[in-house]
Amino acid sequence: MLPDCLSAEGELRCRRLLATATARLRARPASAAVLVPLCSVRGVPALLYTLRSSRLTGRHRGDVSFPGGKCDPADQDVVHTALRETQEELGLAVPQEHVWGLLRPVYDPQKAPVVPVLAGVGPLDPQSLRPNSEEVDEVFALPLAHLLQTQNQGYTHFCQGGHFRYTLPVFLHGPHRVWGLTAVITEFALQLLAPGTYQPRLAGLAHPKEPLASPCRASSTPGLNKGL
Amino acid sequence: MAAVVLAATRFLRCSGSWGRTRLRFGPPAHRRFSSGGAYPSIPLSSPLPGVPKPVFATVDGQEKFETKVTTLDNGLRVASQNKFGQFCTVGILINSGSRYEAKYLSGIAHFLEKLAFSSTARFDSKDEILLTLEKHGGICDCQTSRDTTMYAVSADSKGLDTVVGLLADVVLQPRLTDEEVEMTRMAVQFELEDLNMRPDPEPLLTEMIHEAAYRENTVGLHRFCPAENVAKMSREVLHSYLRNYYTPDRMVLAGVGVEHEHLVECARKYLLGVQPAWGSVEAVDVDRSVAQYTGGIVKVERDMSSISLGPTPIPELTHIMVGLESCSFLEDDFIPFAVLNMMMGGGGSFSAGGPGKGMFSRLYLNVLNRHHWMYNATSYHHSYEDTGLLCIHASADPRQVREMVEIITKEFILMGGTVDAVELERAKTQLTSMLMMNLESRPVIFEDVGRQVLATRSRKLPHELCSLIREYQGRSVGLPQASAQLGGRLALPQAVVGPCRVSHTRKPGLCRLSSPGVNGAAKGRLWFADLIALLDPAVYLRAPWQESPLWVPLGGAVSTALSC
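Sequence order for the protein chains is A and B. Counting from 1, one number per residue, gives the positions in the first sequence under this note's numbering. Counting from 1, one number per residue, gives the positions in the second sequence under this note's numbering.
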């Protein structure tokens, strides 16, 4: 069953698990960061997603993603980038203390690292947010209970050059399909928040299979860029 | 012609006894009844004695029989639809195809299709199978698509037992001998060569659009065996695949024109508790990947100047196919997309036309009738259990690729606009009529029954589908969900075949179209504008040489100011 991850003990447990990785990754420069907002919608723990505007340029327009963006030279660290972008895109101000830690970085097809920042934003009503219409078309929340149901989880095997290469998770039956890097980051978050319940699907990206208890430990950085 | 007339007049003018006998040709047809032999003067109003009473079909517009589905203990589903007639079509449909080949050698499904109905445990060769079927006036065939494999037999209903036994043998116990695999290798190679040499690039384009739309996953995997894998196929490779995918829970035994109980009995006899040739082991690794639409572009440059099969040269054309994601056939939006596909219609510009040919569909009215230089504009809709693809195929001379792409993009944009009520009704009527006309044919009914039961365990009867089509109203702003969904993913997947080169500069303003003119190489190679820039509306937008702005948001509300 879903552990009470929004409680104080749940938060402490997650913070402790992420502590070492956070300390290490925070200092390191990265090209982009996203915020993984763990909120509580009508008392139900959920993750907040955005639908990127179709008016944007670039390959990810129209996709479901977390709020975030490229690092500015003016940003102090990746956490600052994530919080700043969230403020710009959603009008949601998340104080630094609410950040629980950094999850494993993922690599986009250009091999640039994107660092997910997990933060607990507390009770939130997605309808009350006023997103920046130039960047964000829609904001919606997917309850953790929904994401943890097996009929809403899927995976896709990808090939490259005629051979099987890697598997990516996908989350279905929400208002929009969550796939690609966003699904991978969601998977990291679920592994952290509901370790016994969630079965990870990500495979073949040449990273060492980590025990579920601390998915954000160590050696993940060099591994993920193969095959993506 | 003159000689015949001359000969006829000569016969007629002939008089005398031998002239009379000359005019009687053919064997002396001797009907007992009519020449007053055993049955003197039977009037035409009463039936002939000793002749079996004829059974006539009655048609009253209702489905006489319904589709019955039974599931056996091992998970195999048996579905049947009874139908008037002496013949029946029975077959086995399996959830297996190129989309499940991610972890296997690409091309296994293609090989299995060619190897079907070859020697099995009970039948020593393909000839023996055909001879057995001939006793019941039967024919057999195997067809593979991206997600389904169908083994089907059409034969006399009295031979149902033999037919089911034969099917079971063919599917579960093929011998796959080395000579057969060798012969299949040659057949596959011939087919690949033929695909590349055909003037009609349709199968190649379909392959390419899937590859572009679903990059490297499920439905985008190769439907035809790639040339490098032909030599690597062997019985072990095939068995490793069959072990996981030819399992009873993935199969449906469907029959049309048969009694349900009889079919179930035959199924129990031949398909329950049978050990398949590859050993029955629990299926270990079944691919349940969800098809992921990625969008993309696939281009092939090819010299098409010498594809004509005869002395008349076929014009050298560039073919493009542009598509967007639609929905699966399980969703409610499937009917709107089918109506949309009908509404777009289209075909070849050399069509003779006529009633029912779709001459008033949009691609004819807006594209082919207005631009005489377009050879072809046809819309297609592919639909699978978790995704779909709506695409338009167009072809024109290589020097006009840019305009062609602009026109097709404009058509996609207009799909999201208003739809005239008359146009919508016409499309719905055409769809209903095509559906009912196709379902008059027994093999099509068989495929329909099999596919529906394979996907959903039940079957929507034709009149239900017709009422669903009739009820679809399409809101006043056109076909809403259909076009809004179409706009979801903005990278238009595209497949291009033909003599063309793309300049890989993505800088705006370099959307330059330059043709080399006449110089030596008369093959008509062409540099044309950066296709990505052309289709990527935002980049196109910034081209500085444009006089009026071009704003093309493809999702949701549409407002276009296109200057073509």
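Where a beta carbon is used, it is the ideal one built from N, C-alpha and C, also for glycine.
(request) Can you pull the chain B residues whose beta carbon is under 7 Å from the beta carbon of residue 160 (chain A), in chain order? (result) To locate residue 160 (chain A), count along the first sequence from 1; it is residue 160. By Cβ distance, chain B contributes 216.
(request) Tell me whether residue 186 (chain B) is buried or exposed, calling it buried when 16 or more other Cβ atoms sit within 10 Å of its Cβ. (result) The residue you call residue 186 (chain B) lines up with position 186 of the second sequence. Here residue 186 (chain B) is exposed, its C-beta having fewer than 16 other C-beta atoms within 10 Å.
(message) Pop quiz: residue 151 (chain B) and residue 164 (chain B) are said to be a contact at Cβ under 8 Å. What is the actual Cβ separation, rounded to whole angstroms?
(response) Within the second sequence, the letter at position 151 stands for residue 151 (chain B). Within the second sequence, the letter at position 164 stands for residue 164 (chain B). Not really, about 11 Å apart at Cβ, beyond 8 Å.
(message) Just to check my reading of the structure: residue 222 (chain B) and residue 107 (chain B) have Cβ atoms closer than 8 Å, yes? What is that Cβ distance to the nearest angstrom?
(response) As a first step, residue 222 (chain B) must be located in the second sequence, where it is residue number 222. As a first step, residue 107 (chain B) must be located in the second sequence, where it is residue number 107. Confirmed, about 7 Å.
(request) Quickly, what does DSSP pair residue 114 (chain A) with across the bridge? List them, please. (result) In the first sequence, counting from the first residue as 1, residue 114 (chain A) sits at position 114. Paired residue(s): A:32 and A:106.
(message) For residue 203 (chain B), report the span of its alpha helix (DSSP H) as first-last.
(response) As a position in the second sequence, residue 203 (chain B) is number 203, starting the count at 1. Here the alpha helix (DSSP H) through residue 203 (chain B) covers 202-213.
(request) Residues of the segment 78-104 of chain B with a CB closer than 7 Å to any CB of chain A: list them in chain order, please. (result) Residues are counted here when their Cβ sits less than 7 Å from a Cβ of chain A; for the segment 78-104 of chain B these are 102 and 103, given in chain order.
(request) Compute the distance between the beta-carbons of residue 455 (chain B) and residue 330 (chain B), then report whether it is under 8 Å. (result) Translated into the one-based positions of the second sequence, residue 455 (chain B) becomes position 455. Translated into the one-based positions of the second sequence, residue 330 (chain B) becomes position 330. In contact: residue 455 (chain B) and residue 330 (chain B) (Cβ atoms closer than 8 Å).
(message) Taking 8 Å as the threshold (C-beta atoms), are residue 118 (chain A) and residue 142 (chain A) in contact?
(response) Taking the first residue of the first sequence as position 1, residue 142 (chain A) is located at position 142. Taking the first residue of the first sequence as position 1, residue 118 (chain A) is located at position 118. Pairing residue 142 (chain A) with residue 118 (chain A) gives a Cβ-Cβ distance that is not under 8 Å.
(request) Give the range of the alpha helix (DSSP H) segment to which residue 430 (chain B) is assigned. (result) To locate residue 430 (chain B), count along the second sequence from 1; it is residue 430. Residue 430 (chain B) -> alpha helix (DSSP H) spans 421-438.
(request) Spell out whether any CB of chain B is found under 8 Å from the CB atom of residue 174 (chain A). (result) Locating residue 174 (chain A) in the first sequence gives position 174, counting from the first residue. By this cut-off, residue 174 (chain A) is not an interface position.
(message) Using a Cβ-Cβ cutoff of less than 8 Å, which residues in the same chain neighbour residue 64 (chain A) once the five nearest sequence positions on both sides are dropped?
(response) Translated into positions along the first sequence, residue 64 (chain A) becomes position 64. Excluding sequence neighbours, residue 64 (chain A) sits near 49, 50, 51, 52, 176, 177, 178, 179 and 182.
(message) Below 7 Å on C-beta distance, what does residue 226 (chain B) contact in chain A?
(response) In the second sequence, the residue the question calls residue 226 (chain B) occupies position 226. By Cβ distance, chain A contributes 162.
(message) I want to verify the contact list: residues of chain B whose CB lies under 8 Å from the CB of residue 156 (chain A), in sequence order.
(response) In the first sequence, the residue the question calls residue 156 (chain A) occupies position 156. For residue 156 (chain A), the chain B residues whose C-beta falls within less than 8 Å of its own C-beta are 217, 218, 289, 290, 291 and 292, listed in chain order.
(request) Compare the beta carbon distance of residue 368 (chain B) and residue 395 (chain B) with 8 Å and say whether it is the shorter of the two. (result) What you label residue 368 (chain B) is simply residue 368 of the second sequence in a count that begins at 1. What you label residue 395 (chain B) is simply residue 395 of the second sequence in a count that begins at 1. One thing to note: residue 368 (chain B) has its Cβ no nearer than 8 Å to the Cβ of residue 395 (chain B).
(message) According to DSSP, is residue 301 (chain B) part of a helix, a strand, or is it coil?
(response) On the second sequence, residue 301 (chain B) is found 301 positions in, with the first residue counted as 1. Note: residue 301 (chain B) maps to strand in three-state DSSP.
(request) Check whether the Cβ of residue 240 (chain B) lies closer than 8 Å to any Cβ atom in chain A. (result) As a working note, residue 240 (chain B) is residue 240 in the second sequence. At a cut-off of 8 Å, the C-beta of residue 240 (chain B) has no neighbouring C-beta in chain A.
(message) Taking contact to mean 3 or more Cβ pairs, one atom from each stretch, closer than 8 Å, check whether the segment 115-122 of chain B and the segment 67-86 of chain B are in contact.
(response) Not touching, per the Cβ criterion.
(message) Given this structure, state the Cα-to-Cα distance separating residue 252 (chain B) from residue 417 (chain B), to the nearest angstrom.
(response) Locating residue 252 (chain B) in the second sequence gives position 252, where the first residue counts as 1. Locating residue 417 (chain B) in the second sequence gives position 417, where the first residue counts as 1. Roughly 42 Å between the two C-alpha positions.
(request) Give the DSSP-derived three-state secondary structure of residue 374 (chain B) in the structure shown. (result) To locate residue 374 (chain B), count along the second sequence from 1; it is residue 374. Strand at residue 374 (chain B).
(message) Going by DSSP, what residue range makes up the alpha helix (DSSP H) through residue 147 (chain A)?
(response) On the first sequence, position 147 is the one that residue 147 (chain A) refers to. 144-148 is the extent of the alpha helix (DSSP H) around residue 147 (chain A).
(request) Flag this pair as yes or no: are the beta carbons of residue 78 (chain A) and residue 185 (chain A) separated by less than 8 Å? (result) In the first sequence, counting from the first residue as 1, residue 78 (chain A) sits at position 78. In the first sequence, counting from the first residue as 1, residue 185 (chain A) sits at position 185. In this structure, residue 185 (chain A) does not lie closer than 8 Å to residue 78 (chain A) by Cβ.
(message) Out of A:96, A:93 and A:32, which one is the CA nearest neighbour of residue 73 (chain A)?
(response) Residue 73 (chain A) sits at position 73 when you count from the first residue of the first sequence. Cα-wise, what sits closest to residue 73 (chain A) is A:32.
(request) Determine whether the Cβ of residue 136 (chain A) lies closer than 8 Å to any Cβ atom of chain B. (result) Numbered from its first residue, the first sequence carries residue 136 (chain A) at position 136. Answer no: the Cβ-Cβ gap between residue 136 (chain A) and chain B never drops below 8 Å.
(request) Tell whether a beta-carbon distance below 8 Å holds between residue 257 (chain B) and residue 142 (chain B). (result) The sequence position of residue 257 (chain B) within the second sequence is 257, counting from 1. The sequence position of residue 142 (chain B) within the second sequence is 142, counting from 1. Cβ distance not < 8 Å, so residue 257 (chain B) and residue 142 (chain B) don't count as in contact.
(message) Among B:311, B:398 and B:238, whose alpha-carbon lies nearest the alpha-carbon of residue 301 (chain B)?
(response) The sequence position of residue 301 (chain B) within the second sequence is 301, counting from 1. With distances taken between Cα atoms, residue 301 (chain B) lies closest to B:398.
(request) Under 7 Å between beta-carbons, which chain B residues line up against residue 179 (chain A)? List them in chain order, please. (result) The residue you call residue 179 (chain A) lines up with position 179 of the first sequence. Result: 292.
(request) Consider the C-beta atom of residue 45 (chain B) and the heavy atoms of the ligand FMN; say whether any pair is separated by less than 7 Å. (result) Judged by which ligands are present, the structure shown has none, so any question about the ligand FMN falls away.
(request) Classify residue 250 (chain B) as buried or exposed, calling it buried when 16 or more other Cβ atoms lie within 10 Å of its own Cβ. (result) Here residue 250 (chain B) refers to the residue found at position 250 of the second sequence. Buried, because 16 or more other Cβ atoms sit within 10 Å of the Cβ of residue 250 (chain B).
(request) Output the boundary residues of the alpha helix (DSSP H) element that contains residue 403 (chain B). (result) Along the second sequence, read from residue 1 onward, the residue named residue 403 (chain B) stands at position 403. For residue 403 (chain B), the enclosing alpha helix (DSSP H) stretches over residues 401-415.
(message) Once DSSP output is grouped into helix, strand and coil, what is the label at residue 193 (chain A)?
(response) The residue labelled residue 193 (chain A) in the question sits at position 193 within the first sequence. Under the three-state reduction of DSSP, residue 193 (chain A) is assigned to helix.
(request) Since I believe residue 248 (chain B) is in contact with residue 173 (chain B) (beta carbons under 8 Å), could you give me their beta-carbon distance rounded to a whole number of angstroms? (result) On the second sequence, position 173 is the one that residue 173 (chain B) refers to. On the second sequence, position 248 is the one that residue 248 (chain B) refers to. Actually they do not touch by this definition, with Cβ atoms about 14 Å apart.
(message) Strictly by DSSP, which residues pair up with residue 466 (chain B)?
(response) Taking the second sequence and counting its residues from 1, the one referred to as residue 466 (chain B) is at position 466. Residue 466 (chain B) is not bridged to any residue.
(message) Whole angstroms are fine: how far does the CA of residue 130 (chain A) sit from the CA of residue 97 (chain A)?
(response) The residue given as residue 97 (chain A) occupies position 97 in the first sequence. The residue given as residue 130 (chain A) occupies position 130 in the first sequence. Spanning the two alpha carbons is a distance of roughly 23 Å.
(message) Assuming residue 129 (chain B) is part of the alpha helix (DSSP H), what are its boundary residues?
(response) Along the second sequence, read from residue 1 onward, the residue named residue 129 (chain B) stands at position 129. Run containing residue 129 (chain B): 126-134, per the alpha helix (DSSP H) assignment.
(request) Kindly say whether residue 233 (chain A), judged by its beta-carbon, lies nearer than 8 Å to any beta-carbon of chain B. (result) Nothing in the structure corresponds to residue 233 (chain A), since chain A is present only between 1 and 228.
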